[in-house]
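Structure first, then comments.
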Amino acid sequence: MKCIPLFIILLGGMLSLKAQSGSIIRGKVKDSSGNPVIGANIFVYNSKDSAHCVSDVDGLFNTKISPQSGTKIRTTYLGYDTSVLDFDINKLTPYEVVLNPSAKSLKEFVVKGTAAPMKLKFDTVEFNVDQYINDKYEMVQDLFTKFPGLDVEPDGSISINGKKVTKIKINGQEYMISNIKSLTSIIPANMISKIQFVDDYDELGRLTGRRNGVPNITINLVTPKDISTIYNLRVDGGLGNENKYLVAANGGFHNPKDQLFFMVNNNNKDAAGGNGTITNGEAGYHYNFNKQLSLNVSGRMNNQSAVFQSFSQSTDITDNGTLNSVNNGTNYSANKLKELNLKSEYKITDNDLVLVQFSAGNTNTVSQNNSATNQTGFQKKDINNVISQERKSNNWSGSVLASHTFNKSGRILSLQLSLNNNDSKYQTDEADKIRYYNDTSYVDSTILQQIHKDELGNNSSLAISYVEPVKENASFELKYIYQNRITKNSQLTSWGDENGKLLPVDSLSSQYKYAVYQHQVEGNYQLAKGNAEYTIGLAISPNQLKTTTTSSGTTIFPVLKFRYKWPSLLFSINYQGQTRFPTYQQIAPVTDLSNIQYPIVGNPSLKIGQSHSVIAEFTRSGKSSFWGRGMYTKNIHDIAVNTILIEDVLGTVKQETHYLNTNGNFSGEAKLGWSRQFGKVKNSIRMEMGTKYSHNILFANNVQKYNDIWNVSIKLNPQLRFGWVTFIPNFGYQFNRSKYNITEETVIDCHTFNMGSYLFIKFPEGFSLEAWGNKQLNWGYASGAIANPLSMDMNIGKKFFGDKITILLECNNVFNQRNSSSYNVSANSVSIGSSSVVSRFFMLHAIYRFSKAK
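When the letters of the sequence shown are read in order and numbered with the working numbering, they come out as residues 481 to 1334.
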């Protein structure tokens, strides 16, 4: 925190800088379709002065220069013709800069006919919505399954080319919400002309024009030029047998001045295991007071509870032999969350900007697990286990980002201060009844324990960036980052005596402090030349980890990034280095006995590690669209698991997990996707293939072993339309191989086939039939009982008043399959599990929709 006074001095000095004499030049950069161009380079120059700036996420720019005759405004962006405007001192800004695709790439940028048109820019993948709409009633959410490289998970989360979508905007204005699925499910696709997926770097990178780290993705929905305001509302209500119900409402509006979104939902049909309730709500509001000041506020709450049955089998491979465990359990969980977020941007002057963000939240989680376990193999044991846990957490975070653009040469100074606080309290009550068997008899044991944990975390960081343009298409950045993470932990463990009275156990209790201090000084040079962009530099990072011992060191990482744009292909390759610190559990000075049979012993002497990754990506548009991604990662001073068998007082063996540093861990992965539209009714086909290999060092009784994991996956997803019938089958195959040498070389293979389909039939008079189905088959575990349910949901619907009112008769889990299955391979353990799902029920579901654009 010693850096905070420095930050205040620099911030005060920055805001007190007096503007030198000169003319302010403002403007907006657009492409030929009227969409804002993000990250365009604007170079203003004359015989005596020059200035440089970069267009922001809305395409806006401003800078200042001493007016002289012959002043030029030169704008460049890769893949577009350069624009040069003459400066007119008598002209009232803003200037409007229109960039046209270069003649070389114009023919391939827009693909006509039946191909899916897709535009590629350095930071943006853009889809033309008109080419994907098959039905006037489709929503934006319905289009996502048609875009190449896009994955939509069952929970509604979205990723493109392996990068996760975290934000959503309409015409450049952000909705500061987490439930992107609910918003995109109420906006008709015909109200949107383009959908852009924009690389989302941090706020500091947005201001400086630097692309730091691996980006997340922001979705930007662009409305047609003749639409400035949209209103949307959806209200759901449903009643079913087994007391099932649903009440929900989503709605909002958008215009250039302000925008609103809200979502409320209460139901008991989506709870895990079919026995529980979900109540959640979220709202976000964005208001532009004027061109200088904007405010974004959002809040959300989420209450969930569920009860479900579980079954699992696991096999542990040890030096003593194989240990098999069969577990049956009943699990209850309840979670409550509240969260508030604020974000405000204030342009003090044309050269000075301040961005303030604040978040606060509260979570409360309660769970109870009742389980019965039978162990056989090199030892025999029965365990009845009851664990009750409660966690309460309060957190807040805030940041201030300030930026000043100097009057000459486009120099930019930016400072960012961030603070974070988290206060968590845990309580665990556990009762273990254990029966130990030998050849002729057994011994009973009962263990009662209670664990109280308090964890207080304080994080702070300061970042300072100075950018100096070297010439019109190049600049140098000098950056300093300071971070500290301080966590104070206290743990009180009590065990029951023979009378059941809980007494503290000093050897399992502690007061503990975990602190990380990290500095980083980085210099990098960025050059845009032709269709290429290069970034090269060096980052030096001294760091220190303080626990019961102190570990320190200095790491040096290169800064290497390269991006190249062909007419219809975008390629990038970059290096990413990262310092890796051990977690609290891995270095804790006391043993974690949350699971009596599998104690975890921390190692306070663990070293700080590093990871080095090379990432290559490409995206190609055309009649056939391709995308690919490859990554190789090498770890140094990685943390490995050391499984040690310990004989207890009753003569049986427990597995203790220890940790130590090792070298030799690495992983590589590659993904390739392809899609193509065909036919007059916009049929399409998508295929994705991927493979991943990792080599992991592990230890058994202090002897080095290894675990190699290889995964191959293939997905095929045609979308077929025949008049009123839409049929979307999907096929998937996954192969997993795990190879161990714990006692001898062991190879474990698993083949998984997944077959699913979606069917929609439109009948006359607004009637429809809709069905979803899925079947999974697994082979590879000779001793495992794996449930492979055929899951199917369906509904019969009728529309009234166009699509304003829809009545559905729904059947959930048509075949009443009660279990879902899973498998897991980790360390020296292989496990298979299944858990209960929602049983079959019927529901009458009514939907009201309202949409308006003007």
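The beta carbon of each residue, even a glycine, is placed where N, CA and C say it ideally should be.
- Per DSSP, LYS661 is one residue of the alpha helix (DSSP H) stretching across 660-664.
- Look at THR625 here: in three-state DSSP terms it is helix.
- Counting only the Cα atoms, GLY539 lies some 20 angstroms from VAL947.
- Of all C-beta pairs linking the stretch 938-955 to the stretch 906-915, fewer than three are shorter than 8 angstroms, placing the two stretches out of contact.
- In the three-state DSSP reduction, SER987 falls in the helix class (H, G or I).
- With a threshold of 16 other beta carbon atoms within 10 Å, GLN1077 meets it and is buried.
- The alpha carbon of PHE1322 has as its nearest neighbour, out of ASN887, PRO1038, LEU1289 and ASP615, the alpha carbon of LEU1289.
- Between ALA954 and LEU630, the alpha-carbon positions lie close to 33 angstroms from each other.
- By the C-beta density criterion, PHE1295 is exposed, having fewer than 16 other C-beta atoms within 10 angstroms.
- Comparing alpha carbon positions, the residue from ASN746, TYR812 and ASN807 closest to ASN782 is ASN746.
- Per DSSP, the continuous beta strand (DSSP E) segment holding GLN653 begins and ends at 653-655.
- Linking LEU983 to VAL1183 through their CA atoms gives a straight-line distance of about 37 angstroms.
- CA-CA distance, SER792 to GLU633, rounds to 25 angstroms.
- Counted as a single uninterrupted DSSP element, the beta strand (DSSP E) harbouring ILE1285 occupies residues 1285-1292.
- By a beta-carbon distance limit of 8 angstroms, TYR711 does not contact LYS1219. Their separation comes to about 58 angstroms.
- Look at GLY1131 here: in three-state DSSP terms it is coil, with no helix or strand label.
- If you draw a 10 Å sphere on the C-beta of VAL1039, you find 16 or more other C-beta atoms in it, and that means buried.
- In terms of CA proximity to TYR612, LYS626 leads the group ASP1118, GLN869 and LYS626.
- Rounded to the nearest whole angstrom, the C-alpha separation of ILE1194 and SER1032 is 44 angstroms.
- Annotated three-state conformation of VAL1318 is coil, per DSSP.
- In the three-state DSSP reduction, PRO736 falls in the coil class, being neither helix nor strand.
- Taking the Cα positions, LYS860 is about 8 angstroms away from ASN854.
- In the three-state reduction of the DSSP assignment, ILE667 falls in the coil class, being assigned neither a helical nor a strand state.
- Put simply, the backbone Cα of ASN1187 is about 12 angstroms away from that of GLU1224.
- Beyond the five residues adjoining it in sequence on each side, VAL702 comes within less than 7 angstroms, by CB distance, of ASN515, ASN651, ILE672, SER673, LYS674 and GLN676 in the same chain, given in chain order.
- Going by C-alpha positions, TYR525 is about 46 angstroms away from LYS1114.
- If you look at ILE1067, you'll find it in the alpha helix (DSSP H) that goes 1064-1067.
- Annotation for ASN580: SER512, TYR560 and ASP561 place their beta carbon closer than 7 angstroms to its own, counting only its chain and skipping 5 residues before and after.
- For GLN1214, the secondary structure class from DSSP, reduced to helix, strand or coil, is strand.
- ILE1126 places its beta carbon 8 angstroms or farther from that of MET1111.
- With respect to the C-alpha of PRO628, the residue from ARG1166, THR664 and ARG554 having the closest C-alpha is ARG1166.
- Residues TYR1173 and ARG1217 of the same chain have their beta carbon placed closer than 7 angstroms to that of TRP1190, with the five preceding and five following residues left out of the count.
- Annotation for THR664: MET619, VAL620 and GLN621 place their beta carbon closer than 7 angstroms to its own, counting only its chain and skipping 5 residues before and after.
- Per DSSP, reduced to three states, the secondary structure at ASP610 is helical.
- According to the DSSP secondary-structure assignment, LYS1242 is paired through a beta bridge with SER1248.
- Between the C-alpha atoms of GLN971 and ILE867 there is a straight-line separation of about 17 angstroms.
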